[in-house]
Amino acid sequence: MRHVDAGSCNGCEVEIGGAFGPVYDAERYGARLVASPRHADVLLVTGPVTRNMAEPLRRTYEAAPEPRVVVAVGDCAINCGLFAGAYGVAGAVADVVPVDLEVPGCPPEPTAIVEALRRVTGR
Amino acid sequence: MPSTRVDLDPGELPDHAARLLDDGHRLALVAAHHDDPGTIRVVYLFVQGPPDTRTELHVRLDARTPAVPTLARLSFPAGRFEREMRDLHGIVPLDHPLPHRLVRHPHWPRGWYPMRPDAGPPPEFGTPEGPFPFLTVEGPGVYEIPVGPVHAGLIEPGHFRFSVVGETILKLKARLWYVHKGIEKLFEGREPAQALALTERISGDTAVGHALAYCLAVEDATGVQVPLRARRARALLLELERVHNHVTDLGALCNDVGHGILNAHAWRIRERLLRLNHTVTGHRLLRGGVVLGGANLRALPEHAELAAVRADIRDLVDLALGHPTVRDRFTGTAILSAQAAHDLGCLGYVARASGLPTDARHAHPFHDLGDLLTTRVLDTGDVLARFRIRALEADDSLTLIDHLTTELPTGPRVADPAPPPHPTRRSGVGITEGWRGTITTRIELAPDGLLSRVKIADPSFFNWPALPIALADTIVPDFPLTNKSFNLSYAGNDL
Amino acid sequence: MNLTGTAAVAAQVGLVTAGAPWLAGLMRQVRARLEGRAGPGIGQPWRDLRKQLRKQPVTATGTGPAFRTAPLVLVATALVVTALVPLASTRTPVSGHADLIVVVALLALGTVALALAGLDTGTAFGGMGASREMTVAALVEPTLLMSVFALSIPAGSTNLADIVSGAVHDPGRLATPTGLLAAVALLAVTVAETGRLPVDNPSTHLELTMIHEAMVLEYSGPDLALIELGAQLRLTVLLGLLAALFTPWGITTGTGWAALALALVLLAAKVALLGSVLAAAEVFLAKIRLFRVPELLAGASELAIARAGFAAGLGWAVTVALVLVLVAFAALTGRSARMLLGPPPEPATPVRFGASVWLPLLAGLLACAALGITTAPLADLLAAAASIGGH
Amino acid sequence: MSAIAPALAAASALAAAGTAAGLVLPERARPAAVGACTAGVGAAGLAAGVAALGGQRWSASLPDLLPLAGVHLAVDALSGLFIAVSGGVIVAAAVYGIGYTRHGLAGRGVQAILPLFAWTLVLVPAGASVSTFLLLWELRAASSLLLVVAEHRRRASVREAGVWYAVMTHLGLVALLAALALFAARAGGETFAALRAGAGGLSPAVRGTVFVLALLAFGSKAGAVPLHAWLPRAHPEAPSNVSALMSTAMVNLGAYGVIRTGFDLLGGGPRWWGLLTVALGAVTAVYGIVQAAVATDLKRLLAYSTSENLGLVLVGVGAALLFDAGGNEELAALALAAALLHVVNHAAFKALLFCAAGSVLHATGTRDVDGLGGLRPRMPVTTALFAVGALGAIALPPGNGFVSEWLLLQALIHGLAVPGVTTAVMLPVAIAAIALSAGLAAAAFVKALGVGFFARPRSAAAMRAGESPRTMLAGMGLCAAACAGLALLPGALADGLGRAVGATGTDSRRIIIGGELNLQLSGLTGRLAPLWIAVALAAAGPPCCWCCARSPARRAAARPRSGTAVPERPPRAWSTPPPPSPNPCSASSTTSSPPNRTSTSRPCVNPPTWSSGSATSAKCPTGSSTASTPRSCDRSPAPDGRPGASPTAACTAISGTASPPWSCCSSPWR
């Protein structure tokens, strides 16, 4: 699992942290944050993709080996949320990299995130 | 608390500003306004307290050739505000010592200033990864380590370029503004009530801080008086937000030295606090708690719950500081001297850990907390000080919450919002002590009551330059620990 | 070529190769449980390996053969060491070649290959990881060889099979202080070599603090699977070696099939127990500052006192003190060496010490070792004492 | 009729021919001719040495050649071993030298002296009388001095190195002269045979003095610590083929001298001789390798590594002396055999490393490891050969260094059986020293190989590097073959070592049983089968890549998808963006900032114009300064005296401009 903050307001990071914490324990289902995109199978992308983060997101996506899954976490990642139309926003995550799974919510509850991760790990 | 307004022309600005700085004022923010096509008005807000005094210097510039003499040599934050204004508004600070872009990355189009009313849709963006003028340090054995913007773990994007010899850091250059979305532009032309939701999403973990600063500014502009109960509820929400963020940092600091078990316990306590937030305001991050003219509480935290959380936090801190390896890793790591903190204008716990007693709850109170408010100040300025200051503040906040809960009457809707505002003045300033430090927001209302300009100054904007200073002769493995001890907001800084 | 011998080697290699991921899973599970998390289950490492094997390898441009062969060298050296070390039985066709120095050198070869791969990627993290790994390895080597020296004295040879069979026949032999010190040294080396706490934090995400993990950031797919398998193999083999040397019960010296099966079961149990104890201990440890690692492998307090002395301007006093220490040390070694190691007086009858003699010795030794690592209870007392001094 | 005499005669003739060719032939043909002749000298020496090792002995005396004393030559198994080693290395260096000296070093002087130097290296072990030995010794010293200063016109540091070298070797000569003269006077005879006979009659004081002086003289030649200063200065400055010869053949003569005087002539001595030698060896080994670990000049690193390896040899010799004094002949033989085997191994891999370093210098023109990088794609064969040499140097299994170090450790570990307090204290210290030097050697050579050859080029010179000419590769190939042979089949040398040890007078029962596959210690338990280890490693490798190759994903990747080539991804994980500037951020990571250089770092950082008030800030701070130079700009108050208003302390660290504000990019305010 590799987390990419493409412009989030760090609200989603709080909840993803909770999901990997001891209480919701996403690791119980085999989901683990790893040190390098090369080790990762899933990209957790949060926030609307700002103009400055479009290229880094693209490169992280290409650095991850096949088969890879992109999970867009939070309303901003799905449709830019309240930041739609801001001049610094390049678009939603789907406009930059192909998205496989979306987790709505601002920020989505840890239970929703863990549920999404379970569908990815299949456990 | 209305601010005294002084109209100047550009020439008089430096002397006037120098006098204000001598009297101990602090430059809170610099905002440019495009009132009419011909002129651009720049507002310099200086604040001081107690007693809570605010002075605004208004400087009118010709829109065709907007230029203003620089204050960079008088106050370091001024230099950064001027560079930001140059990037977004096109106002050239004359004789600026460091005339480089701050907000716009190299691939942003030239000559296009987004905040100008006539800016129009953004033209074509160049290819990213243009040459950012990193200062290359040469010398025998010196090598560079680029880190970011995408990091392992849950960290916001920022690029750090280290120049290192062996393991000692010679120089760190932090390149931020990766999450710059242009929020201030979104505020223009919106209903004040409608824009409240946007302020809660400037920095997700400081929703109450930013919303409260914005509401105070609007209330200052419209002259709305907030009832005592609402002010107490707002103080309660502010402290709740401070506690749950401090607990996370206490755990994260232990995790960065490899002591994972304390981080697990910190997250357990935080989850308990987030669920408490949900019961109080219906949202885990306290969104919707602060509304224009009042506060909206659904329930009050019980004393037993607060006592249990306080006991847990004290155990966590004792365990951490009792562990010799953890304590040894914290002590003497990345020291930020009081002089450097003062020169940079640092705010919040970063300043208080280095000996500067800055606290907006004391200097610019919106609700008198009386003798309950004790501003904690430590002087060693290392990671240990920043750890202990958080522990002490979390404890004090819990005491405040206890006290405020007893004063607030029980019942679902604790404080209903006040009558609709009627515009008496056209601008207002809101200052509040978010959990990271003093947040200052200045708004201006158009005659029809809509927002014409909102300027937000997050404490991280002031504290980011302090990180490279604190890293003088620290070794590379200690950088993540230092970075987490500062825990500055990227979203709040980049806006 | 006795049949059971070959069977023993094959079973041993099979058990260790299959068991390594299970051991890693067990250690992660123990740690998760202690931290209150449910933990992914013991089989997770195997699932990860299977998944990584099916992924597509992505290599950085500009990497050469060193980068591609490092995983193979790492696993190959681990497998050869697994075959050599007499984990289950000491009468195997290869036990003649099972020299402890060769085992130490093969493990060092794996580390060197990985460090070269880290450098070959050309990334800053790879370079940093490689330089830190080699620094730690350079300090691990003398510690390891000194413990080899200490272990080979009673057996009279560095051949592992002889040492272990010697230990099986006479368990008391390794309860001597030198044996104990060798055990502590080997444990410290195991921790440093396999990148566990307090030297390196395997579960960290902070690239700048990694030692072992930084070198493998660029691997993906099957190469990454090999690297992880290699690391797990080395950990299992080192723990197996520790178990074989210091708790040799159950290792067969004969050629009986039943004894071999029992030995394998006991081996698995011992390594699993040792692994979980190590994981449990890790929960209470933190990662010490990078420059403390050498001090972990060598004493720290004397240096600090001397440094403080010089810093306080009492240079002459400190030098005099150091000279006196040298004199004392010389006298002490002279006297005690003659007592302990000198030629035995003729009418010497071996004296059997009761527990009342070596127990206090042992306790004192353990106290010193503990104090060397952590002064938890005394920290506040020391701080209070220092503050009374009014500094 | 022994083959030694004709071989030595052939060597002398070829040397003369080489010198003549060097003087006469035109510049273009000179390197090839001289190279061939010198190779001939080497081959002849090798033949003579192998014959001597085969058991043949030879001695001759030519009374009329040298007035008064006459020339006495004698070759036994011990000198045979050193002659063989010198011969082998000369062959490789000569072949390597043809390509190396083509441009710049083809001068008449250098080419003429090279065969002479080679000839002396072959003959010094054959010297059998004090005057002959000293004559050959001085001839070697003089010729090597002239070769060291061959490039003095190009670099001033060569001259300084030459002075160091001259002074140190002649100090050594004075000590040697005193030792041998005292010995000859008291023993009443000048030939080595007379010395052996008279040795018994010497008083312990005289024997002690002779031994100490000899140890100092030969120790300085072998790079032992107190008198090693010339080695890290002279070797890097000498042309690479000469430094290869010096660092292997010439330095071995120091070890030969100690063994010859200690064992053969004086016939062993009291226990403190052994202790002194072991202590000297251990200190040299650790000091040498620590210096090597922090050196950034490739050849200086190799020179210090030479001093480390010779330290190990001295430890072996010292241990042998110690055991001999303790009456344990068998252990003494084992320790001496280990020392001699290490001499052979070290000669093989050190010659290869110096030649490889020479071809790197030849290709890039720089020796600074920090400035190299990215040589693997540009010089693949040289990199591979350097890797083989490095494998030998770090003493790990498939390499040849490991075999002799294993033998040395066995000798020391079994040495504890010898009673006595000193051995019980000294041997563990020696083992710790050897282990530490082995560990640090691994760190030093990983740095040299990884930082120097891998990753990306860090300087224009490294960018331009090209593969070295074929003759140089051939020379290095010979050394590599020798390394591989020694690594896999050390058993072949077993009986030769036995005879060499026997020649020193110690009981030479077969201490090492050399089956063609492995090394067996007779009487002591210890078996090493390097060939089997290599075979096992090779066998364990393929199944792993078979199980990955079989995995479906890799097959899926093999089919190029939609036109993209086999997936060579864009550069590296994003967490480290590719450095934009052409001079990529260097991946060099020296383990610790080099302590021995005066200024750990003097980054040339221009303090920005924040502190324009204080005019003191020079453009580039000179002089040695601590690592945190950028923050050194003084905390002068702002121009109009307001304290601390403009945070000069904060200035440089944040974002110092690289140069005056407007010039760094066309117009910053775009």
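Residue numbers (the numbering used here), protein chains in the order written: chain Z, 52 to 174; chain R, 651 to 1145; chain P, 261 to 651; chain U, 744 to 1413. Note that beta-carbon positions come from the ideal geometry of N, C-alpha and C, so glycine has one too.
Measuring CA to CA, which of the options is closest to residue i?
| i | options | result |
| --- | --- | --- |
| H1105 of chain U | U:A1062, U:A1181, U:P982 | U:P982 |
| R1014 of chain U | U:A779, U:E980, U:D1113, U:M1169 | U:M1169 |
| S463 of chain P | R:I985, R:N905, R:T1082, R:T975 | R:N905 |
| L524 of chain P | P:H357, P:W509, P:S536, P:L538 | P:W509 |
| I747 of chain U | U:A794, U:G778, U:A782 | U:A794 |
| G915 of chain U | U:G1132, U:E881, U:P1212 | U:E881 |
| T172 of chain Z | P:L522, P:P300, P:W517 | P:P300 |
| T975 of chain R | P:P482, P:A485, P:A591, P:V459 | P:V459 |
Please list the partners that residue i has in chain R, where partner means a Cβ-to-Cβ separation under 7 Å.
| i | result |
| --- | --- |
| A137 of chain Z | K831, G832, I833, K835, L836 |
| N461 of chain P | G908 |
Can you give the Cα-Cα distance for residue i and residue j, rounded to whole angstroms?
| i | j | result |
| --- | --- | --- |
| L1260 of chain U | L1229 of chain U | Residue placement at L1260 of chain U cannot be trusted, given a pLDDT of 48 that sits under 50; the coordinates are not used to answer. |
| L658 of chain R | D665 of chain R | 11 Å |
| T1030 of chain R | S1135 of chain R | 14 Å |
| R1040 of chain R | Y999 of chain R | 7 Å |
| A998 of chain U | G962 of chain U | 7 Å |
| T660 of chain P | E295 of chain P | This structure cannot speak to residue 660 of chain P, because chain P is shown only from 261 to 651. |
| N895 of chain R | W576 of chain P | 52 Å |
| L766 of chain U | A1203 of chain U | 38 Å |
| R1374 of chain U | S813 of chain R | Summary for R1374 of chain U: the model assigns pLDDT 25, below 50, so the residue's position carries little reliability, and this model does not support an answer. |
| S1047 of chain R | A885 of chain R | 10 Å |
With DSSP as the reference, please indicate the residues paired to residue i in a beta bridge.
| i | result |
| --- | --- |
| E794 of chain R | R:S813 |
| E1083 of chain R | R:T1088 |
| Q698 of chain R | R:T703 |
| D712 of chain R | R:T689 |
| S349 of chain P | P:T512 |
| S804 of chain U | U:H815 |
| D657 of chain R | R:H708 |
| P719 of chain R | R:L744 |
| E153 of chain Z | Z:A123 |
| A945 of chain R | R:V940 |
| E1094 of chain R | R:S1077, R:R1103 |
| K821 of chain R | R:S813 |
Assuming residue i and residue j make a contact with CB atoms under 8 Å, what is their CB distance in whole Å?
| i | j | result |
| --- | --- | --- |
| L1414 of chain U | L1083 of chain U | Given a span of 744 to 1413 for chain U in the structure shown, any question on residue 1414 of chain U remains unanswerable. |
| V858 of chain R | L887 of chain R | 5 Å |
| C63 of chain Z | P149 of chain Z | Not confirmed; about 20 Å, so no contact. |
Run through chain Z and tell me which residues come within less than 8 Å of residue i, C-beta to C-beta.
| i | result |
| --- | --- |
| H465 of chain P | L84, V85, A86 |
| P300 of chain P | E78, R79, Y80, G81, R83 |
List, in order along the chain, the chain P residues whose C-beta lies closer than 8 Å to that of residue i?
| i | result |
| --- | --- |
| A114 of chain Z | V318 |
Could you tell me which chain P residues have their CB closer than 7 Å to the CB of residue i, listed as they occur along the chain?
| i | result |
| --- | --- |
| P1140 of chain U | V362, A365, L366, L369 |
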